[in-house]
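Inspection log for the structure reproduced underneath, given as structure tokens.
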Amino acid sequence: PRTAAVIPAAGRGVRLGPGAPKALRALGGTPMLIHAVRAMAASRGVSLVVVVAPPDGAGEVKSLLDAHALPERTDFLVVPGGETRQESVRLGLDALPPEYDIVLVHDAARPLVPVDSVDAVIDAVREGAPAVVPAVPLADTVKQVEPAAAPGEPEPVVATPERARLRAVQTPQGFDRATLVRAHGTVTDDVTDDASMVERLGLAVVVVPGHEEAFKVTRPLDLVLAEAVLARRRL
Ligand code: C5P
Numbered sequence: 028p029r030t031a032a033v034i035p036a037a038g039r040g041v042r043l044g045p046g047a048p049k050a051l052r053a054l055g056g057t058p059m060l061i062h063a064v065r066a067m068a069a070s071r072g073v074s075l076v077v078v079v080a081p082p083d084g085a086g087e088v089k090s091l092l093d094a095h096a097l098p099e100r101t102d103f104l105v106v107p108g109g110e111t112r113q114e115s116v117r118l119g120l121d122a123l124p125p126e127y128d129i130v131l132v133h134d135a136a137r138p139l140v141p142v143d144s145v146d147a148v149i150d151a152v153r154e155g156a157p158a159v160v161p162a163v164p165l166a167d168t169v170k171q172v173e174p175a176a177a178p179g180e181p182e183p184v185v186a187t188p189e190r191a192r193l194r195a196v197q198t199p200q201g202f203d204r205a206t207l208v209r210a211h212g213t214v215t216d217d218v219t220d221d222a223s224m225v226e227r228l229g230l231a232v233v234v235v236p237g238h239e240e241a242f243k244v245t246r247p248l249d250l251v252l253a254e255a256v257l258a259r260r261r262l
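In the UniProt record's numbering, each residue carries its 1-based index in the sequence shown increased by 27.
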């Protein structure tokens, strides 16, 4: 089976502070998106990477890919994204040639995922799971709250799920292509990851071990950590 990776990279990165779209910000002097593309292409199982660019930035992203060294055995496509992550992923799926039957969806905002994690997800899909997510245990206890009645009001706690049974879910998430396409064609509510759409269809989603270096660069402190991880790798 042939595997393609879709990289949604159309987010503005508001939480990271003012500046370029998040995926285009530099990490160790190289745009975050290029790190993410290389992380996918590093897997021998991935033969196509589809980058979903900011809606008005597809040309810029194409030039970026041309300007950076990428493995020759991998093909690349760039398509313009949408208003939401979900829409961006769907636009990426629409661009996939027919011969790919396994699809990875990987956040551009997770530039440092190690290749072993990518391979583990692909292997689990090849072994028959329709949907696979890499995940790690939580350090923090998580509480469910009732949203504050008014800004600045305290938030009442509703529940505390047992921490040992919670996982923080990362990407790449891996799917049987037909399953993911069906999920994107059926589920219309707002979701924050692709696997939850497959769950809504009533299908099984399995977890494989994630990696601490696959964290999502969201806030300014995450950039500090990402720079430190890169520097350590270059030692
Ligand atoms: O906002 P969040 O951190 O969940 O974004 C995760 C990934 O989805 C990022 O790589 C971001 O660029 C992408 N995204 C997108 N299109 C949007 C919003 C987010 O491709 N409209």
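All C-beta atoms in this analysis are idealised placements derived from N, C-alpha and C, irrespective of residue type, glycine included.
- When C-alpha distances from Val-41 are compared across Ala-222, Arg-261, Pro-247, Arg-260, the shortest belongs to Pro-247.
- By the neighbour-count definition (other C-beta atoms within 10 Å, threshold 16), Leu-118 is a buried residue.
- For Phe-242, the closest alpha carbon among the candidates Val-233, Ala-122, Leu-257, Asp-203 is that of Leu-257.
- Shown here, Ala-222 sits in a helix according to DSSP, grouped into three states.
- Short of 6 angstroms from the beta carbon of Ile-129, and not among the five residues preceding or following it, lie these beta carbons of its own chain, in chain order: Pro-28, Thr-30, Val-152.
- For Asp-249, no pairing in a beta bridge is given by DSSP.
- Within 10 angstroms of the beta-carbon of Ala-147 lie 16 or more other beta-carbons, which makes it buried.
- Put simply, the backbone Cα of His-95 is about 19 angstroms away from that of Val-142.
- Contact annotation: His-238 and Val-163 have beta-carbon atoms nearer than 9 angstroms.
- Contact between the stretch 66-85 and the stretch 96-107 is present: three or more C-beta pairs spanning the two stretches fall below 8 angstroms.
- Apart from the 5 residues on each side of it in sequence, His-62 sits with its Cβ closer than 7 angstroms to the Cβ of Leu-54, Pro-138, Leu-139 in its chain, given in chain order.
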